[in-house]
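Chemist:
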Amino acid sequence: MTTVSGDQGYFDDEFIESFDELLRWRRDVRRFKTDPIDPEVVQEIIASAELSPSVGNSQPWRWVDVRSPEPRAVVKETFARCNAEALQGYRGERAQQYSTLKLAGLDQAPVHLAVFCEDETLQGHGLGRQTMPETLAYSVVTAIGSLWLAARARGVGVGWISIIEPEAVYRALDVPEEWRFVAYLCVGYPEKVDATPELERAGWQARTDPDARYFVR
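Spelled out as structure tokens, the structure:
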């Protein structure tokens with residue numbers, strides 16, 4: 001049995017192996033079941049994400065649970081338009097490949113989360129971001145990563161939709177102007193799970209040698 005010492009923050013080998021396995025199975029999901037997610041489960045996932053670190057303890061992330069059909073329709077429209085435009089940037093076999101990829105689960109995922117960064121937050125008193133203000137957005141992305149793992153641990157999948165126009169999403173959700181759009185997430189139970197990334201299975205891009213990305217100076 002996995003043992004964890006809450007007082008000392010110690011995790012045994014079994015926990016480490018389980019965590020590595022969780023990372024392996026945390027995939028970007030595009031194919032969802034339409035089954036609803038218990039709202040308590042959604043709140044548990046967000047609560048786990050709230051444990052994430054942030055520059056100056058600023059906690060700049062803002063979660064918007066997109067339930068209304070109107071903004072969802074805007075997101076769907078901007079995805080369709082941007083996806084068609086992106087296709088024009090490819091030629092030949094690569095274009096054919098792109099046209100067959102499923103790049104969004106907007107129609108099936110029961111939960112949509114838009115994630116923003118509050119750039120003008122007073123929390124944290126500016127600590128750590130005077131020279132690198134972009135660390136606020138990096139903190140939000142870290143929280144999204146935590147949310148992803150928390151969801152996967154509960155059997156819930158997440159898909160990050162990036163082929164959209166940020167300004168269109170911003171207008172549709174009528175959020176404060178000092179909030180910067182970071183991500184649009186589809187959340188739901190996956191149709192099936194696989195440890196291999198879908199883009200690798202589709203032949204779009206395989207994983208490469210990690211040694212090629214590790215440098216010593």
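The opening residue of the sequence shown carries number 1 in full-length UniProt numbering; numbering runs sequentially from there. No residue lacks a Cβ here, since even glycine has one placed at the ideal position from N, Cα and C.
(1) Could you have a look at Tyr10 and say whether DSSP puts it in helix, strand or coil?
(2) Please classify Ser99 as buried or exposed, where buried requires at least 16 other C-beta atoms within 10 Å of its C-beta.
(3) Can you grab the Cα-Cα spacing for the pair Tyr170 / Cys186, in whole Å?
(4) Quick one: any contact between the region 29-36 and the region 185-201, if contact means 3 or more CB pairs under 8 Å?
(5) I need the boundaries of the alpha helix (DSSP H) containing Glu77, first residue and last residue.
(6) Please list the segments of the alpha helix (DSSP H) lying wholly inside the region 84-121, counting only runs of 4 or more residues, in order along the chain.
(7) Exposed or buried, which one is Val216 when buried takes at least 16 other CB atoms within 10 Å?
(8) What residue range does the beta strand (DSSP E) around Trp179 cover?
(9) State buried or exposed for Ser58, treating a residue as buried only when at least 16 other CB atoms are found within 10 Å of its CB.
(10) My output table needs one value for Ile144: the three-state DSSP class, helix, strand or coil.
(11) How long is the line joining the alpha carbons of Ala49 and Asp211, rounded to whole angstroms?
(12) Can you check DSSP and say which residues form a bridge with Ile161?
(13) Excluding five sequence neighbours on each side, which residues of the same chain lie with their C-beta closer than 8 Å to the C-beta of Arg72?
(14) Helix, strand or coil, according to DSSP, for Arg201 in the structure here?
(15) So which of Glu85, Tyr10, Glu14, Val41 has the shortest CA-CA distance to Ala151?
(16) Relative to the C-alpha of Pro39, which residue among Thr131, Trp25, Val141, Val156 is closest?
(17) Less than 8 Å separating the beta-carbons of Ile45 and Arg154?
(18) For Ile163, which residues from the same chain have a beta carbon less than 8 Å from its beta carbon, with the 5 sequence-adjacent residues on both sides left out?
(19) Any idea which residues DSSP pairs Asp28 with across the strands?
(20) Pull up the DSSP beta-bridge partners for Arg62, would you.
(21) Do you know offhand how far Asp194's Cα is from Arg27's?
(22) Indicate whether Gly56 and Leu122 have their beta-carbon atoms separated by less than 8 Å.
(23) Is the beta carbon of Ala172 closer than 8 Å to that of Val64?
Modeler: Taking the definition as stated:
(1) On the sequence shown, position 10 is the one that residue 10 refers to. DSSP places Tyr10 in strand when its eight states are reduced to three.
(2) Along the sequence shown, one-based indexing puts residue 99 at 99. Result: exposed.
(3) Here residue 170 refers to the residue found at position 170 of the sequence shown. Here residue 186 refers to the residue found at position 186 of the sequence shown. Rounded to the nearest whole angstrom, the CA to CA distance from Tyr170 to Cys186 is 17 Å.
(4) Put simply, the region 29-36 touches the region 185-201. At least three CB pairs are less than 8 Å apart.
(5) Here the question's residue 77 lines up with position 77 in the sequence shown. 69-87 is the span of the alpha helix (DSSP H), which, as asked, contains Glu77.
(6) 92-100
(7) As a first step, residue 216 is located in the sequence shown; it is residue number 216 there, counting from the start. Counting C-beta atoms within 10 angstroms of its own C-beta, Val216 has fewer than 16 neighbours from the protein chains shown and is therefore classed as exposed.
(8) The residue labelled residue 179 in the question sits at position 179 within the sequence shown. Unbroken beta strand (DSSP E) run through Trp179: 179-188.
(9) Translated into positions along the sequence shown, residue 58 becomes position 58. That one is buried.
(10) Position 144 of the sequence shown, counting from 1, holds the residue named residue 144. Three-state result, Ile144: helix.
(11) Counting from one through the sequence shown, the residue named residue 49 turns up at place 49. Counting from one through the sequence shown, the residue named residue 211 turns up at place 211. In a straight line, the C-alpha of Ala49 is about 30 Å away from that of Asp211.
(12) Here residue 161 corresponds to residue number 161 of the sequence shown, with the count starting at 1. According to DSSP, Ile161 shares a beta bridge with Tyr184.
(13) Position 72 of the sequence shown, counted from the first residue, corresponds to residue 72. Correct list, in chain order: Val66, Leu106, His112.
(14) As a working mapping, residue 201 is identified with position 201 in the sequence shown. Looking at Arg201 - three-state DSSP - the assignment turns out to be helix.
(15) Position 151 of the sequence shown, counting from 1, holds the residue named residue 151. Comparing Cα-Cα distances from Ala151 to each of Glu85, Tyr10, Glu14, Val41, the minimum goes to Val41.
(16) Start at 1 with the first residue of the sequence shown, and residue 39 comes out as number 39. Nearest of Thr131, Trp25, Val141, Val156 to Pro39, Cα basis: Val156.
(17) Counting from one through the sequence shown, the residue named residue 45 turns up at place 45. Counting from one through the sequence shown, the residue named residue 154 turns up at place 154. It is a contact, given that the beta carbons lie within the stated cut-off.
(18) Locating residue 163 in the sequence shown gives position 163, counting from the first residue. Only Phe79, Cys82, Asn83, Ala86, Leu103, Ala104 meet the Cβ criterion.
(19) Here residue 28 corresponds to residue number 28 of the sequence shown, with the count starting at 1. Asp28 is bridged to Val158.
(20) Locating residue 62 in the sequence shown gives position 62, where the first residue counts as 1. Bridge partners of Arg62: Phe116.
(21) Start at 1 with the first residue of the sequence shown, and residue 194 comes out as number 194. Start at 1 with the first residue of the sequence shown, and residue 27 comes out as number 27. Approximately 8 Å, taken between the alpha carbons.
(22) Within the sequence shown, residue 56 is the residue found at index 56, counting from 1. Within the sequence shown, residue 122 is the residue found at index 122, counting from 1. Note that the C-beta distance between Gly56 and Leu122 is not below 8 Å.
(23) In the sequence shown, residue 64 corresponds to position 64, counting from 1. In the sequence shown, residue 172 corresponds to position 172, counting from 1. Taking 8 Å as the Cβ cut-off, Val64 and Ala172 do not qualify as a contacting pair.
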